[in-house]
Structures are given as structure tokens and as C-alpha cells.
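Q: The structure follows.
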Amino acid sequence: MVPPISLADAQLQMARTIAQGPEALTEALFVGTPVQVLRGLKVHANTISHARLVALEATFPRTRALIGEAIFNSLSRDYLDTGNGRNQPLDGLGRHFADWLQANAIAPECVTLARFEWLWLESYHATDMAPLSVSAFAALSPSEVLELRIKPHPAAHVLRNDPDIATIIGLDAPAEWLLLARPEAEVMAYAIADATASLFQLFATSDNLADAFETFLLRHPNSNPLEAMQFLLAAGVLRKDES
Amino acid sequence: MIPAPSLTPRVGIGLKPEHYVAMLEACNGAGGVRTNWVEVHPQNYFCAGGPPHRWLTAVAEHVPLSFHSTALSLGSADGPDAWELDQLAALVARYQPASVSDHLSWSNAGGEKFPDLLPVPYTMEALERLIANIDRVQTRLKRAILIENPSRYLAFADDALDEVDFLHELCARAGCGLLLDINNVDVSATNLGFDAATYLSTLDASLVGEIHLAGHATDVFNDGTILKIDDHGAAISETCWSLYAAFIARSGRRPTLIERDTNIPTYDDLMAEACHAEMIMEAADGPAH
Chain B
298 MVPPISLADA QLQMARTIAQ GPEALTEALF VGTPVQVLRG LKVHANTISH ARLVALEATF
358 PRTRALIGEA IFNSLSRDYL DTGNGRNQPL DGLGRHFADW LQANAIAPEC VTLARFEWLW
418 LESYHATDMA PLSVSAFAAL SPSEVLELRI KPHPAAHVLR NDPDIATIIG LDAPAEWLLL
478 ARPEAEVMAY AIADATASLF QLFATSDNLA DAFETFLLRH PNSNPLEAMQ FLLAAGVLRK
538 DES
Chain A
3 MIPAPSLTPR VGIGLKPEHY VAMLEACNGA GGVRTNWVEV HPQNYFCAGG PPHRWLTAVA
63 EHVPLSFHST ALSLGSADGP DAWELDQLAA LVARYQPASV SDHLSWSNAG GEKFPDLLPV
123 PYTMEALERL IANIDRVQTR LKRAILIENP SRYLAFADDA LDEVDFLHEL CARAGCGLLL
183 DINNVDVSAT NLGFDAATYL STLDASLVGE IHLAGHATDV FNDGTILKID DHGAAISETC
243 WSLYAAFIAR SGRRPTLIER DTNIPTYDDL MAEACHAEMI MEAADGPAH
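Encoded structure:
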């Protein structure tokens, strides 16, 4: 009598068969004719493939529209067939899609748009937190302002806008950087200048506002940090660091 | 195991983002039929924040929630998916749903996640593994969960028990309940060649904490073979309705879900199916109290 195949071996064999096709099915795992077994396996293989492709479509709707449905589908299959994202839940499948597009020499505006869409999703799903408001900042005394510890809001991201995709995402003017914010329910996108993006990034690494401004002025001697600060506060992309 | 708070034995719907506005309007008396409870896939709310949680919080203020997980991988030889369990435990703590369920299936192997409910052989080894995995989940969640019978397209050569016996043994030893998906019984019966009515008549109705009703797709091959595919993309079939009526006549009222995951109908269309199911329960067991 043939001993039963272990559960672990049965599952690895099924996983291989789903990935590689029926030729990977080396043992008599299932009952039925080869045609019946193949039909059953195809249902599972199609379900898995469909779910992954739909997840990428849902993550990158604008990239898909820009590239074209057929080419996007073909690229998505290549991305998945080379093993990308298979250890991720469906909503994490696209984490490295933009890098993969870039490595495969896809049009640069598609790469930038895919990066924008991934960050949009991260912003949409980020922790809810009240941003530091203009009025709260204005109420601080000068000494409090200088010691103020500020960090980027968890839903805020900046992205270099190169090549320019501003019009593709519905913004009026081209700019060097794109800023994503979700101070409340809706994700907002802004086109911003290099100096504004620089100040936002400095808040991630600086101890306090005074340090951030000092470094800012060294890098952008002709820019006014207060103007950039006012814009970032109004956009709701900063938070007070209470740690 | 501490028993979970259970759903009211009435009809609920599978809630999708497309239904948030209409469902909340109905709850606020602004038109439409109010649902008794809703079921969601917790995986859609594993994010830290944002609009999904704003909506779910608003929904939970009006009706009980049921969490129907799809990815714990309870049948996996590697154990349940640790990341999924962490996320689910946090969500259960946050929303305190009336019911938590997952499937008699696996979706992880060798480090890869498969977005599907893959079948488990009905062997003693698989039974022991499921009992251990379910125990781990129930201990973590501090509540009993419901396990859904699968849609099957394949039968394993090593199957040692039939599905009903396997489920009975699983529930008895793991302390879990059963989420009876009647469409899955119809799909598996057609694909594997057993009688759905016999299956349902032998199932211990006292184990059933919830029922799912759904539709399916049908492929007919040149050799005459019919393959039913559980795509949750169609209206509930006549076969499914009549199997449901027969089961409810025997079991009495049970929380019943109208389930649709693709080709999402309007809220009103879902509620029309919910009203039909409610009528079947009333005919069998009188009006809800």
C-alpha cells in the first residue's frame, strides 16, 4: 500500500503545478482522468492569476490608461511571472512595480506615474492623524517655534516630477516635485518647487525647526523658508513630534 | 474557548464600498431597506487608517459586523499566516465583530501567497493540522470562529473521510462552528459527483452558525461535462434557493448572508435577494423576534 503524500508535499506540489503547469504534477495527487484534473487545476490557476492582475490594475489605473490596457496586461504578467510580489498580500503586489518598469526600460513618464500611484495608495491607507495647522503654528511663541520638533505627516509624500506628469494627474502647472497629502479623508496632490520639497524632506531628518531652517538656507540661499513652511502647513503635511 | 457573540438569525449582506452610501442612507431612514447586519472581508481593512476605516466605523455604528477572512491559510502545513493573524487580531480588537470566519483551505506554501482558497485533502494529517491551526487562531482572537466548507474542483486520491464527516470531526475537536456555504455545496456536488441534498441532510445543523448564499458560473465542455465555478458573480441560483429552503426547514433560523464579490449589484438588488431569503426563513420558522 502506498503511504499518503504528506500535507506539506501535497501543498508544495500543488503550488508548483499552479506556477509551472500540469507537467509539474508528478504524483497521483488527485482522482479523476488527466482531463478532469487539469480542468480543476485550471480553475485555481486562473483564479490566482486573475486576482493578481486585477490587483495591479486597481493599484495603477492611470498608469494602465497611459500605457494601454493590452501592454499593461502584458507587463503585469511579466512582472508576476518573474516572481515579483508573490510573498505579498494582494494590496502589496505593486510595491516594486515602478522600479521593475524602470529596470525594463519602460517610458519614463509611465515609471513616474506608477511611483505616484503607489504613493497615492500609501497616503490613502496611512494612519489618521491631525496635521499641524497654520493657526496652531501661529499661536506658538518665538522660542517655542525654534525648539519645535516637526516631522512629516504619515500620509504625506514627495516625489520628483521627472519627467513631468502634472497634466496627466490633473494639475495645472508643471513643477519639479509632486506632494501628496491626506490631512483628512481625501488624498490631495500638489505641484511644488524644489525648495519646498527640500524643506519637507529636511523635517524628516532634523532635530527641530531651527536646524531644518539652517540647513535649508545653506542649500537654498535665495529662497524664503517661511514661504515654504506656510505652504506645507496649509497642505497639512506636517505634524508635531511629541516623542 | 469563549463563545463569540453571534449574529442575529436574520439575513445580512456582503458589504462593498459601492454600497456604503445607500446602506447608511437606509439605516438613517433616508430610503431603501435597512440590512440587519453586514459582512466584510477584513483583509480590505488591514490598512492603518484612511477612508476604509472611516466608512467601516460609520457602518458599525448602525449594524453588527461579521468578519469573513480569506487568507489565514488554516489548512496550511506551515501553520496559519502569521502576518494575517496579527492584522486580523488587531481589527477584531478594534471593531469587536459579532462573528469571525475563514475557510477550510490553504493559501500559503513555500513562502508564496496564493490569492485563492486551495483545497485540503481529507486525511487525518490534514485534520490534525487544521485543529492545531484553528486552535492557534481562536486562542489569539479569544473567541471561537466559524469555518466555511469549500468549493471543490478536485478530489484528492488520499481522501480518507467524506467532507461532512471531516467537518463534524473538525468542529468537535477544534471547538469551532461551521459557516455553511450552500452554493459551495452545489458547486462541489456538481464537480465531484455527489448529491447536494444528501450532504445537507446529513450535516449536523447545530454546528451551523451562519449560512452563505451566492451564485456561480457554469462551464459546459464539449464532452458534456459541467464544471461549476464559485465566482460569486451571479444571482443566487434556483438550486441554491431550494437547497437553502430545505435546510432551513430542518435547522430553523440561521444568520444568512447574500454574498457577491464580482459583478457587484446595487444595494437595492442585494436587499431584494435578502428579502427573499427572509421570506424563506419566515415560511420555515415564523417571523423573526
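Chains as they are written, first to last, in the working numbering: chain B, 298 to 540; chain A, 3 to 291.
Built from N, CA and C at the ideal position, the CB exists for glycine as well.
Quick caveat: nothing in here was measured; it's all calculated off a predicted structure.
1) Starting from G391 (chain B), find everything on chain A with Cβ-Cβ shorter than 9 Å and list it in chain order.
2) What distance in whole Å lies between the Cβ atoms of L143 (chain A) and A84 (chain A), which are believed to be in contact at a cut-off of 8 Å?
3) Taking Cβ positions, are Q89 (chain A) and P44 (chain A) nearer each other than 9 Å?
4) In angstroms with no decimal places, state the Cα-to-Cα distance between F249 (chain A) and D164 (chain A).
5) Could you tell me which chain B residues have their CB closer than 7 Å to the CB of C49 (chain A), listed as they occur along the chain?
6) Going by the CB atoms, is the gap between I213 (chain A) and R154 (chain A) shorter than 9 Å?
7) List the residues of chain B whose Cβ lies closer than 8 Å to the Cβ of W108 (chain A), in chain order.
8) Given a threshold of 16 other Cβ atoms within 10 Å of its Cβ, counted over all protein chains shown, does F333 (chain B) qualify as buried or as exposed?
9) Any C-beta of chain A within less than 8 Å: which residues of the region 498-532 of chain B qualify?
10) With DSSP as the reference, label I266 (chain A) as helix, strand or coil.
11) Is DSSP giving L403 (chain B) helix, strand or coil here?
12) Who are the Cβ neighbours of W397 (chain B) in its own chain at under 7 Å, not counting the five residues just before and after it?
13) Which of helix, strand or coil does DSSP assign to N293 (chain A)?
14) Looking at the unbroken alpha helix (DSSP H) that takes in D188 (chain A), where does it start and where does it end?
15) Could you tell me which of B:P518, B:F434 and B:L535 sits nearest to H450 (chain B), measuring between CA atoms?
16) Taking only beta-carbon positions, decide if N370 (chain B) is within less than 9 Å of chain A.
17) Thinking F116 (chain A) and I315 (chain B) are a contact (beta carbons under 8 Å), I'd like their distance in whole angstroms, please.
18) What does the Cβ neighbour count give for V292 (chain A), buried or exposed, with the cut at 16 atoms within 10 Å?
19) In whole angstroms, what is the alpha-carbon distance linking L338 (chain B) and L119 (chain A)?
20) Kindly list the residues whose CB is nearer than 8 Å to the CB of L209 (chain A), restricted to its own chain and excluding five residues on each side of it in sequence; keep chain order.
21) So, using beta-carbon positions, are A28 (chain A) and M283 (chain A) closer together than 9 Å?
22) Would you tell me roughly how many angstroms separate the C-alpha atoms of A491 (chain B) and P518 (chain B), rounded to the nearest one?
23) Counting only Cβ pairs nearer than 7 Å, list the residues of chain A close to N381 (chain B).
24) So which residues on chain D does G113 (chain A) lean against when the C-beta distance must stay under 9 Å?
25) What residues from chain B crowd round G52 (chain A), counting only those whose CB sits closer than 9 Å?
26) I want to verify the contact list: residues of chain A whose CB lies under 8 Å from the CB of V340 (chain B), in sequence order.
27) Out of A:D270, A:G195, A:G211 and A:V187, state which residue places its alpha-carbon closest to the alpha-carbon of W243 (chain A).
28) Examine chain B for any beta-carbon lying closer than 9 Å to the beta-carbon of P257 (chain A), and answer yes or no.
29) What residues in its chain sit with their C-beta under 8 Å from that of W417 (chain B), if we drop five residues either side in the sequence?
30) Name the DSSP beta bridge partners of D538 (chain B), please?
31) Mind listing the chain B neighbours of T125 (chain A)? Cutoff is C-beta to C-beta under 8 Å, in chain order.
32) Can you check the region 110-182 of chain A for any beta strand (DSSP E) of at least 3 residues that lies completely inside it and give the ranges in chain order?
33) So what does DSSP say about L215 (chain A), is it helix, strand or coil?
34) Counting only beta-carbon atoms, is R374 (chain B) nearer than 9 Å to chain A?
35) Just to confirm, is the Cβ distance from N458 (chain B) to T493 (chain B) under 9 Å?
36) So who's on the other strand from S103 (chain A), going by DSSP bridges?
A: Per the coordinate set shown:
1) Correct list: empty, because the minimum Cβ distance to chain A is about 14 Å.
2) Not really, about 14 Å apart at Cβ, beyond 8 Å.
3) yes
4) 19 Å
5) H422
6) no
7) Q308
8) Sequence inspection shows Gln at residue 333 (chain B); the Phe mentioned does not correspond to that position. Per the 10 Å Cβ criterion, buried.
9) none
10) coil
11) It is Ile, not Leu, that sits at residue 403 (chain B) in the sequence shown. Note: I403 (chain B) maps to coil in three-state DSSP.
12) Y376 and N381
13) The structure shown does not extend to residue 293 (chain A), since chain A is modelled only from 3 through 291, so no value can be given for it.
14) I184 to L194
15) B:L535
16) no
17) 7 Å
18) There is no way to answer for residue 292 (chain A), as the model of chain A reaches only from 3 to 291.
19) 12 Å
20) L169, H170, C173, G179 and L180
21) no
22) Strictly speaking, residue 491 (chain B) in this sequence is Asp, with Ala absent from that position. If you take the alpha carbons of D491 (chain B) and P518 (chain B), they lie about 13 Å apart.
23) Neighbours of N381 (chain B) on chain A: none; closest Cβ ~12 Å, over 7 Å.
24) Of the protein chains in this structure, namely B and A, none is chain D.
25) S420, Y421, H422, A423, T424, D425, A452, R479, A482 and V484
26) Y155, L229 and I231
27) A:V187
28) no
29) L477, V484 and A486
30) In DSSP, D538 (chain B) forms no bridge with anything.
31) P301 and L304
32) 114-120 and 148-150
33) strand
34) no
35) no
36) A:H70 and A:L148
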